[in-house]
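Number of protein chains: 2
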Amino acid sequence: MIDRRTKLREATRREILEAAWEVAREEGIGAVTLRDIAGRVGMRPPSLYTHFGSKMAIYDAMYRQGWEDYLAVVAGLEPRLPRQPRAALVVVAGSFFDFALAEPARAQLMNQRLVPGFEPTAEAYAPAVQVLDRLRGTLARLGADGDAAVDLFTAVVGGLVSQQIANDPGGRRWRRLLERAMDMYADEVGLPGPRLTPRPGGTQGA
Amino acid sequence: MIDRRTKLREATRREILEAAWEVAREEGIGAVTLRDIAGRVGMRPPSLYTHFGSKMAIYDAMYRQGWEDYLAVVAGLEPRLPRQPRAALVVVAGSFFDFALAEPARAQLMNQRLVPGFEPTAEAYAPAVQVLDRLRGTLARLGADGDAAVDLFTAVVGGLVSQQIANDPGGRRWRRLLERAMDMYADEVGLPGPRLTPRPGGTQGA
DNA sequence: GTCTATACTGTGATAGAC
DNA sequence: GTCTATCACAGTATAGAC
Numbered sequence: 000m001i002d003r004r005t006k007l008r009e010a011t012r013r014e015i016l017e018a019a020w021e022v023a024r025e026e027g028i029g030a031v032t033l034r035d036i037a038g039r040v041g042m043r044p045p046s047l048y049t050h051f052g053s054k055m056a057i058y059d060a061m062y063r064q065g066w067e068d069y070l071a072v073v074a075g076l077e078p079r080l081p082r083q084p085r086a087a088l089v090v091v092a093g094s095f096f097d098f099a100l101a102e103p104a105r106a107q108l109m110n111q112r113l114v115p116g117f118e119p120t121a122e123a124y125a126p127a128v129q130v131l132d133r134l135r136g137t138l139a140r141l142g143a144d145g146d147a148a149v150d151l152f153t154a155v156v157g158g159l160v161s162q163q164i165a166n167d168p169g170g171r172r173w174r175r176l177l178e179r180a181m182d183m184y185a186d187e188v189g190l191p192g193p194r195l196t197p198r199p200g201g202t203q204g205a
Numbered sequence: 000m001i002d003r004r005t006k007l008r009e010a011t012r013r014e015i016l017e018a019a020w021e022v023a024r025e026e027g028i029g030a031v032t033l034r035d036i037a038g039r040v041g042m043r044p045p046s047l048y049t050h051f052g053s054k055m056a057i058y059d060a061m062y063r064q065g066w067e068d069y070l071a072v073v074a075g076l077e078p079r080l081p082r083q084p085r086a087a088l089v090v091v092a093g094s095f096f097d098f099a100l101a102e103p104a105r106a107q108l109m110n111q112r113l114v115p116g117f118e119p120t121a122e123a124y125a126p127a128v129q130v131l132d133r134l135r136g137t138l139a140r141l142g143a144d145g146d147a148a149v150d151l152f153t154a155v156v157g158g159l160v161s162q163q164i165a166n167d168p169g170g171r172r173w174r175r176l177l178e179r180a181m182d183m184y185a186d187e188v189g190l191p192g193p194r195l196t197p198r199p200g201g202t203q204g205a
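Laid out in structure tokens, this is it:
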């Protein structure tokens with residue numbers, strides 16, 4: 000039964016989460032304090048405990064929201080992936096890269112263990128698992144089968160993203176390597192099709 | 000002039016750092032408190048300020064020590080690298096991987112921004128730069144030239160390490176992919192020599 | 001120079017009045 | 001549901017004992 004009261008509660012929760020994202024964007028995900036959040040929604044800090052059981056519960060809801068948002072991105076992407084496996088690979092990896100770089104604070108919460116002591120609950124982790132399941136299916140359809148292929152993919156894309164955030168925030172130094180990295184990966188797992196980028200030593204050398 | 004007093008000071012600093020590493024190992028790098036450290040060395044928390052200007056200064060010294068230790072590993076490794084470029088690649092990447100996995104707390108301090116607000120000073124960052132310079136030289140000697148080759152290498156190896164720490168701590172799920180990842184990388188940058196691992200689809204398929 | 005005692009500020013969290 | 005008041009604990013600063 001969803002009556003008016005629970006709807007109002009939901010609205011307040013959303014308002015609190017939106018304020019938390021604002022603080023995270025401006026101050027960094029680790030610098031979020033209950034006072035900052037409360038100030039933005041016009042509450043005293045203890046009042047937040049009416050809506051969230053703890054600060055970790057707020058992080059948990061943010062984590063879940065981040066993965067739900069990206070799950071929506073992936074779901075919208077899938078029906079219109081390019082037919083060429085390599086081009087599709089670039090679209091999939093690029094969507095993750097750009098989603099992460101659009102809000103580094105969110106990406107750090109979702110992918111790194113930037114908040115000491117924070118572990119997502121099973122419910123909050125669920126959409127992340129769905130994203131991984133979809134990825135597994137997409138890779139298999141493109142011709143990359145098996146756990147190892149998935150693990151290698153997440154390592155390569157995740158590595159590019161975290162290098163970009165850590166060492167060239169706001170730039171594109173590792174973003175520019177994404178197409179080449181996908182060619183490298185496609186060659187390794189045996190995807191068909193011509194390379195999208197020239198192999199550096201191959202074309203101009205001997 | 001290094002008299003007895005400054006030597007004692009140095010010893011105390013080392014003792015404090017060792018205690019800090021202990022806490023980091025047991026509780027996690029983000030859970031280190033001055034009270035914990037002080038307790039282990041038999042001091043009151045404010046006394047630590049005689050030896051370190053702030054908690055961040057302790058993190059800074061730890062960061063520097065971590066990279067100095069790994070620099071020593073790399074320096075000891077270099078004279079006896081295998082002649083085969085691919086085998087050498089595996090040794091270099093493996094040394095980083097194993098160094099990181101031996102103490103995840105140290106790796107998180109060194110590679111991720113796990114401590115909110117912590118930025119290494121230029122002095123502490125210096126050994127990290129030296130490691131990167133050596134890596135650049137080593138890769139070039141093996142036949143992988145240019146910034147892109149270095150950036151791709153750090154992304155791949157860093158990605159494997161962070162996936163391992165985050166998603167399979169204590170296991171070897173991504174560690175097992177290291178040789179194959181180095182073959183993949185070697186193929187991409189055009190290193191000579193036969194593959195160390197069989198290409199999955201190539202040998203048993205058509 | 002080195003450490004202690006004390007205190008100040010800010011944090012997440014709880015209890016109880018309204 | 002929100003408030004005030006309060007707590008325990010964090011990092012930090014300073015004054016003073018030795």
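Same order as they appear, the protein sequences are chains F and P.
Numbering-wise (numbering that gives the first Met the number 0), the first sequence opens with residue 0 and increments by one.
Numbering-wise (numbering that gives the first Met the number 0), the second sequence opens with residue 0 and increments by one.
Glycine included, every Cβ here is placed at the ideal spot set by N, Cα and C.
Looking only at its chain, what residues have a beta carbon closer than 6 Å to the beta carbon of residue i, apart from the 5 residues adjacent to it on each side?
{"i": "A23/F", "result": "V31, A104"}
{"i": "R194/P", "result": "D182"}
{"i": "P44/P", "result": "L33, R34, A37"}
{"i": "D2/F", "result": "none"}
Determine the closest residue to residue i out of the options, with distance taken between C-alpha atoms.
{"i": "L47/P", "options": "R12/P, A148/P, G93/P", "result": "R12/P"}
{"i": "G192/F", "options": "F117/F, R82/F, D97/F", "result": "R82/F"}
{"i": "R4/F", "options": "E26/F, D132/F, H50/F", "result": "H50/F"}
{"i": "T120/P", "options": "L138/P, G142/P, P84/P, A60/P", "result": "A60/P"}
{"i": "R85/P", "options": "W66/P, P199/P, Y184/P, P197/P", "result": "Y184/P"}
{"i": "L70/F", "options": "G52/F, V91/F, G145/F", "result": "V91/F"}
{"i": "G93/F", "options": "L76/F, V128/F, I28/F, L108/F", "result": "L76/F"}
{"i": "L131/P", "options": "F95/P, G158/P, P44/P", "result": "F95/P"}
{"i": "P126/F", "options": "R63/F, G136/F, A139/F, S161/F", "result": "R63/F"}
{"i": "Q129/P", "options": "R79/P, L159/P, E67/P", "result": "E67/P"}
{"i": "R135/F", "options": "P78/F, T153/F, K6/F", "result": "T153/F"}
{"i": "V149/F", "options": "G52/P, Y124/P, G158/P", "result": "G158/P"}
{"i": "R140/F", "options": "L33/F, G116/F, L88/F, P199/F", "result": "L88/F"}
{"i": "L100/P", "options": "E26/P, Q162/P, E14/P", "result": "Q162/P"}
{"i": "R133/P", "options": "E14/P, A74/P, G52/P, G41/P", "result": "A74/P"}
Quick one: what's got a C-beta closer than 8 Å to residue i's C-beta in the same chain, skipping five residues either side?
{"i": "E187/P", "result": "L151"}
{"i": "R39/F", "result": "A18, E21, V22"}
{"i": "R8/F", "result": "H50"}
{"i": "G142/P", "result": "P84, V188, G189, L190, P191"}
{"i": "I28/P", "result": "A104, R105, Q107, L108, L113, V114"}
{"i": "D146/F", "result": "none"}
{"i": "L16/P", "result": "I57, A60, M61, Q64"}
{"i": "T202/F", "result": "Because the pLDDT at T202/F is just 46, under 50, the model does not fix this residue reliably, and the value given afterwards should be weighed accordingly. Around T202/F: no qualifying Cβ."}
{"i": "E26/P", "result": "D35"}
Residue i touches chain P at which residues, Cβ-Cβ below 8 Å?
{"i": "D186/F", "result": "M183, D186, E187"}
{"i": "R198/F", "result": "E187, G189"}
{"i": "A23/F", "result": "Within chain P, no residue comes near A23/F; the closest Cβ sits about 11 Å away, beyond 8 Å."}
Leaving out five residues on either side along the sequence, give the residues of the same chain with a beta carbon under 7 Å from the beta carbon of residue i.
{"i": "E102/P", "result": "R24"}
{"i": "G65/P", "result": "R105, L108, M109"}
{"i": "V72/P", "result": "S94, F98"}
{"i": "G204/P", "result": "The pLDDT assigned to G204/P is 38, lower than 50, so where the model puts this residue is not dependable, and the model offers no usable value."}
{"i": "P199/P", "result": "none"}
{"i": "L80/F", "result": "A87, V90"}
{"i": "F117/F", "result": "M55, Y58"}
{"i": "P78/P", "result": "none"}
Can you pull the chain P residues whose beta carbon is under 7 Å from the beta carbon of residue i, in chain order?
{"i": "G27/F", "result": "P115"}
Give the interface partners of residue i over in chain F, defined as CB-CB distance under 8 Å, in chain order.
{"i": "L19/P", "result": "Before going on, a small fix: residue 19/P reads as Ala here, not Leu. Neighbours of A19/P on chain F: none; closest Cβ ~15 Å, over 8 Å."}
{"i": "A30/P", "result": "P115, G116"}
Can you name the residues of chain P whose CB is closer than 9 Å to the CB of residue i?
{"i": "A56/F", "result": "Simply none; closest approach about 19 Å."}
Residues of chain F with a CB under 9 Å from the CB of residue i: which are they?
{"i": "A180/P", "result": "L151, A154, V155, E187"}
Using a cut-off of 7 Å between C-beta atoms, extract the partners of residue i located in chain F.
{"i": "A147/P", "result": "L176"}
Taking 8 Å as the cut-off, does the region 55-74 of chain F touch the region 157-166 of chain F (at least 3 CB pairs, one atom from each stretch)? no
If you pair each beta-carbon of the region 169-178 of chain F with each one of the region 176-189 of chain P, do three or more pairs fall below 8 Å? no
Any C-beta of chain F within less than 9 Å: which residues of the region 87-114 of chain P qualify? Q107, N110, Q111, R112, L113, V114
Mind listing which residues of the region 149-176 of chain F have their C-beta closer than 7 Å to chain P's C-betas, in chain order? D150, L151, T153, A154, V155, G157, G158, L159, S161, Q162, A165, R172, W173, L176
Interface residues of the region 58-81 of chain F facing chain P [CB-CB below 8 Å]: The region 58-81 of chain F vs chain P, Cβ under 8 Å: nothing.
Using a beta-carbon distance cut-off of less than 7 Å, what residues from the region 118-139 of chain F approach chain P? none
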